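Enquirer:
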Amino acid sequence: MNRVTVYLMIFILQMLTISCEKEVVLDLSDRQGLYFVVEANIDDVSANQWIRLSRSSSYYEVSTGKPVSDAIVTITRGGENHVFTESHVDSLAGYYINSTLANRLRYGTYQLTVEHEDRIYTAESEYKPVPDIDSVTIDLNFFFSSGLTNDTLYDINIHFRNLQGGGSYYLVDLYINRKLQTGRPSQKTVISDQDLEDYVSYSVKTISQNDLDDGDMLGLALRSISREMYEFYQVFFFQTDLSGNPFAGAPPANIPTNLSEGAIGFFQVSSVTSAMKEFKSIGD
Amino acid sequence: MVRLQKVFRQLFDWFFMYLKKRVIQLLTICFLSLLSMHDNYAQGFFVRGTVFDEVTGETLVGANVFVPDIQYGVITSNKGDYELPLPKGEFRVIFSFIGYNSREIIVGPARDTVINIGLVSSAVALEEVTVSALAADRNVDRAEMSSIAVSIETIRNMPAFLGEVDVLRTIQMLPGVQSAGDGNTGFFVRGGNADQNLVLFDDAVVFNASHLFNFFSVFNPDAVDDVKLYKGGIHPSYGGRLSSVLDIDMRGGDMENYRVTGGAGLISSRLSAEGPIQKGRSSFLVSGRRTYADLFLRFSPDENQRDARLFFYDLNGKMNYVINDRNRLFVSGYFGRDITAFKDLFGFDWGNATASARWNRIFSDRFSGNISLLYSNYQFNINGDLGPASFRWNSDINNINLKTDFTYLINNNNTFSFGVHSIYHMLDPGVIRASIEGASLTTIELSQGNALEHGVYLNNEQSLFGNRLVMVYGLRGSVFQVIGPGKQYVFDKSGPVNWEVTDTLFLERGEIYDTFRGLEPRLSLRVNLGTNSSLKAGYHRMIQYIQQAQSAQSVAPYDVWYMSSNNIPPQVADQIAIGYFRNFRNDEIETSVEIYYKDLTNISDVIDNGDILGNEFLEGQMRVGNGWSYGAEMLVRKDQGRFTGFAGYTWSRTRRKIDGINNGKAYYAPNDRSHDLSLSGGYALSPAVTASLNFVYSTGRAFTLPVGKMYFQGAFAPIYADRNSSRLPDYHRLDLSVNYTPGGGRESGRFTSSWNFSVFNIYGRVNPISVSFAENAESPGIPRSSFFYVPGPIPAVTWNFKF
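If you read the sequences in order, they're chains S and V.
Note that the first sequence ends on residue 284 in this note's numbering; no numbers are left out.
Note that the second sequence ends on residue 1803 in this note's numbering; no numbers are left out.
1. By DSSP, does R106 (chain S) sit in helix, in strand, or in coil?
2. Looking at C-alpha atoms only, which residue of S:K128, S:Q111, S:P129, S:T85 is the closest neighbour of Y121 (chain S)?
3. Please classify M951 (chain V): does DSSP put it in a helix, a strand, or coil?
4. Pick from S:G33, S:F238, S:L140, S:H116: whose alpha carbon is nearest that of S208 (chain S)?
5. Taking only beta carbons into account, state which residues of the region 1709 to 1725 of chain V come closer than 8 angstroms to chain S, listed in chain order.
6. Can you pull the chain S residues whose beta carbon is under 7 angstroms from the beta carbon of Y1292 (chain V), in chain order?
7. What does I255 (chain S) touch in chain V if you count any residue whose Cβ is under 7 angstroms from its own?
8. Spell out the partners DSSP gives H159 (chain S) in its beta bridges.
9. Apart from the five residues on each side of it in sequence, which residues of its chain come closer than 6 angstroms, Cβ to Cβ, to Y1513 (chain V)?
10. At a CB distance below 7 angstroms, what residues from the region 181 to 208 of chain S approach chain V? Give them in sequence order.
11. Assuming Q1571 (chain V) contacts Q1544 (chain V) (C-beta within less than 8 angstroms), just tell me the rounded distance between them.
12. So who's on the other strand from P1276 (chain V), going by DSSP bridges?
13. Rounded to the nearest angstrom, what separates E61 (chain S) and N254 (chain S) at their Cα positions?
14. Is there at least one Cβ from chain S nearer than 8 angstroms to L1705 (chain V)'s Cβ?
15. Could you run through the region 50 to 66 of chain S and flag, in chain order, every residue whose CB is less than 7 angstroms away from some CB of chain V?
16. P256 (chain S) to V45 (chain S), Cα distance in whole Å?
17. Chain S beta carbons: is any one of them nearer than 8 angstroms to that of R1765 (chain V)?
18. Suppose contacts are defined by Cβ-Cβ distances below 8 angstroms. Is N1413 (chain V) in contact with S1463 (chain V) by that definition?
19. Taking only beta-carbon atoms, is I264 (chain S) less than 8 angstroms away from chain V?
20. Where does I1171 (chain V) fall in DSSP's three states?
21. For chain V, find out if any of its Cβ atoms is closer than 8 angstroms to the Cβ of F279 (chain S); answer yes or no.
22. Look up A221 (chain S) in the DSSP assignment and give the residues it is bridged to.
23. I want to verify the contact list: residues of chain V whose CB lies under 9 angstroms from the CB of L34 (chain S), in sequence order.
24. CB-CB under 7 angstroms to D1039 (chain V), same chain, minus the five flanking residues each way: which ones, in chain order?
25. Got a sec: is the Cβ-Cβ distance from V25 (chain S) to anything in chain V below 8 angstroms?
26. Along the chain, which unbroken stretches of the beta strand (DSSP E) at least 3 residues long are found entirely within the region 1649 to 1687 of chain V?
27. Could you tell me if F160 (chain S) is buried or exposed, where buried requires 16 or more neighbouring beta carbons within 10 angstroms of its beta carbon?
28. Please list, in chain order, all residues of the same chain as F1346 (chain V) whose beta carbon is under 6 angstroms from its beta carbon, the five residues on each side excluded.
29. Among S:D198, S:F237, S:V172, S:K277, which one has its Cα closest to the Cα of S186 (chain S)?
30. Pull up the CB-CB distance for I1603 (chain V) and G1620 (chain V), whole angstroms please, since I reckon it's below 8 angstroms.
31. Would the region 1682 to 1696 of chain V count as touching the region 151 to 171 of chain S if we require 3 or more Cβ pairs under 8 angstroms?
32. Cβ atoms of I1152 (chain V) and V1218 (chain V): under 8 angstroms apart, would you say?
33. Kindly list the residues whose CB is nearer than 6 angstroms to the CB of K1228 (chain V), restricted to its own chain and excluding five residues on each side of it in sequence; keep chain order.
34. Tell me the residue span of the beta strand (DSSP E) that contains E1520 (chain V).
35. Closest to D1291 (chain V) by C-alpha separation, out of V:S1332, V:H1211, V:I1323, V:P1236, would be which residue?
36. Which residues does DSSP pair with R1259 (chain V) in a beta bridge?
Below, the structure is given as structure tokens:
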């Protein structure tokens, strides 16, 4: 039973207490555009690597954030300089793209530098090895198939050998027929090797049979990440899925970042491996 | 203000360094000087005894014992005892108490005497009562400051929430005391957390003094005798909590007649029975109550609410036994439970249990003592049963306390007290078990802990210059030992957010792993500036070894207790206070102004984005640092006449600065409330009808609100300002109560009754309990924010009876 279930149970019980709810629009002293947002996830798989720069928006505003133009974006390692060029496609406003870095990544520490309007934002990330995935298995989920729902559910499991030396953190994405299913941070699975044995068998996702057809190809991509990025995703999940729960523990605070000069977001360079499995329904 | 803080800090540092080097010498000098004090009282004598209700036999707390010939007097203790030092000669001694006829006796010329006095209740409690000059000037005369005694009669006359008279709601209206808020457990004193208040019921610790999320307290007013709150100048016999002591005594029962009292209302009912076991020698009291709000849920149109259960019950019992003139035995107990449940699917219950046994012994005319054995338990249980899946979390905390307290009258000007306390703590936050059919059991085992906490204290109350100056000075020494079985974690503290566990230490049974110790000086001074005014000052140091992990947004019944360790050192509070006290119109009106400054060391708080709920590595989510609070409190109070009431105002600030939280910057504590105003008044319209009004106002609770949002990987995440830099809307509400006593309260016949009509929150103010943010289902990307609040106005009717 994970903490999600604990939260849910207690939250439901709290709803039984004598209280009322009133929707309000708070005066939040919003300051639009105050923060510089950097979304930089670099890996050794995609030919075109991109970094998105934007500004924060007002809390009640419907906006993905005003794109940032005319920034100078580079990733360096030693004497290597990889420049990211701003896209001039309307739908890619704020995106900066590089098509050569992925093939040149070598293990070690990379530095991101973003220069914009007389300010320089920097961050570092270590590019580390990632273990190969031994296998992907699809197993019937007994909990939800035991009568609480008519829906048949499957656990998607990943199996691999943990890296020696400890201190490893991983992120797992799910693809169905090569289409990313875990694009949002709260959909991703992050794993800390603190709770793992040398050989890892981990349930990544639970999917309803209604969302799958026989013959669908399920793919898992295993990515090495830093401890900081692991904590980034942990906090992101709680911020977006349980925000405002008064019984959640500490007051909310900003999601951690590895960027300097007050910028928010994250910079990460990851090595990725993947494996696939064809889905065949097992039945009740 | 920064400079003032620096000055206070330098004074503390100097004082502590001096004490550490000179403490033994200081005590020796004081003790020897006490023994050598001689004045014209040297050949005097003592009169001591107990003041009690002639009819019921119950002791009277705060009764006045006055000698008009020398304009000197004392008041009875919370056990009803008094000690009156007199010079050689014969004297008239007047015993008086509000609502009772006075009695006068002659004592002397020079012989220590034990005199137990019974007083008879006067005719009508609501009529104006004339009392002797010193009856109401205890606030001026006593060396105690930052302490307030509230009679149960005052509490009964205040507007009641849902018709229920409540001790904690009254306390929370006093200056310097704030409610944790509707729907939250506990209260705050001078900026301290809810777990920093030592709540005692017949000397046994009560860990959670709230029923139904702070809507009611665990104290049945029919079972309560005396309520006293200490916010400062705390006697060294108390220890273990930083901010306050709320000391409540249970009634002992009528020693002469059998009586039944009770009440029935819309939400709850209560019933008490008392009487003699052996007339004049022993008595009993049994009291119980239960709410039945969930019965009304059966009529709800909402199916989910119809299947919900929501109620509490509690039981009190006490036995008094007078063995002889020099020995008394008291045994009491409390048991209470809160229960919320939904069908057979989910259940959540919590509650306290206490047991107290006290032997009061008068060894000689100058030497008396109490030996007490106390037990306290608090537990909560959360369970879920979904058929093939189940979930269970049982947690409790227990302590067993052996207390010895002694008082020795050295001479007319010196009363010396001392004692030794030992507490065995057993903290079991519990094991969270989840099972799924066909799968293995999942458990999260929260760290269990055991500890021994010892305290030894010395204290002297000294009167100088004809009682124009009174000093109370004392020292408490405390030791805290963490004992196995249990386990402790070693953390890697280099992480940017979380500490990760690198090692686990398993403690063998009986193995002492950590030992903490400290000295806690206590000092109070009172200087009489005239017959009706005084200046007081006080200082105390308190050390707290066990604490509660609390959500900063709310105080909940499932907040677990944990103990000091190598990761979380004991918390320390140093408080200094100065006050001016003045009475008017022959002590009919009491006024006081106090200012205080409190410095906190090793104060703990949850890290940014911390996760404390059911976390087995709880210590890794906490950080320690410094805190400070300061403020000014004003009180005007009138307890006599047709109009009674009080007005209290507090201005205060409470801040913390802890590395690892809020980027190491200082921030407001969640219980920071700049302004806090309470007005309470009752007017006897006639002997049968009394109307009362309460008005409370406080600055909105400090809260962390978003100031924007970012878009990242297809999702929105809020961006927050500094911790607790925003405010919820200010809290205020007005309550009304009317009490109707047929026949005007004059007892005619054995059966008497009264009706109470009350309205809570007359104008329906929306006072938020919390703020919730969620995705707006109708407009993705636009958050939806909501207040949760207790609705109003809420009327209530209660019928009270006695026979």
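Using N, Cα and C, we set each Cβ at its ideal position, and we do this for glycine too.
As the structure is a prediction and not an experimental result, all values here were calculated from the model.
Expert: With the given structure in hand:
1. R106 (chain S): coil per DSSP, three-state reduction.
2. Taking the Cα of Y121 (chain S) as reference, the smallest distance to any Cα among S:K128, S:Q111, S:P129, S:T85 is reached at S:Q111.
3. The structure shown has nothing for residue 951 (chain V), since chain V only spans 1001 to 1803.
4. S:L140
5. K1709, M1710, Y1711, F1712, Q1713, G1714, A1715, F1716, A1717, P1718, I1719, Y1720, A1721, R1723, N1724
6. Chain order gives no chain S residues near Y1292 (chain V), where near means a beta carbon separation below 7 angstroms; the closest approach is about 13 angstroms.
7. By Cβ distance, chain V contributes A1717.
8. S:S135, S:S201
9. If the five residues before and after Y1513 (chain V) are omitted, its C-beta is found closer than 6 angstroms to the C-beta atoms of V1482, L1507, all from its own chain and listed in chain order.
10. From the region 181 to 208 of chain S, only G183, R184, P185, S186, Q194 have a Cβ closer than 7 angstroms to chain V.
11. 5 angstroms
12. V:S1283
13. Taking the straight line from one Cα to the other gives about 19 angstroms.
14. yes
15. S54, S56, S57, S58, Y59, Y60, V62, T64, G65
16. Roughly 26 angstroms between the two C-alpha positions.
17. no
18. yes
19. So, interface residue.
20. helix
21. no
22. S:D173, S:S274
23. V1707, G1708, I1719
24. With a pLDDT of 34 at D1039 (chain V), under the threshold of 50, the modelled position of this residue cannot be trusted; read the value that follows with caution. Within the same chain, D1039 (chain V) has no close Cβ partners at all.
25. Taking Cβ atoms only, chain V reaches closer than 8 angstroms to V25 (chain S), which makes this a yes.
26. 1675 to 1684
27. buried
28. Answer for F1346 (chain V): G1384, listed in chain order.
29. S:F237
30. Cβ atoms of I1603 (chain V) and G1620 (chain V) stay farther apart than 8 angstroms, at about 18 angstroms.
31. no
32. no
33. A1149, D1247
34. 1512 to 1528
35. As written in the sequence, residue 1291 (chain V) is Thr, which differs from the Asp given in the question. T1291 (chain V) has its Cα closest to that of V:H1211, out of V:S1332, V:H1211, V:I1323, V:P1236.
36. V:E1274
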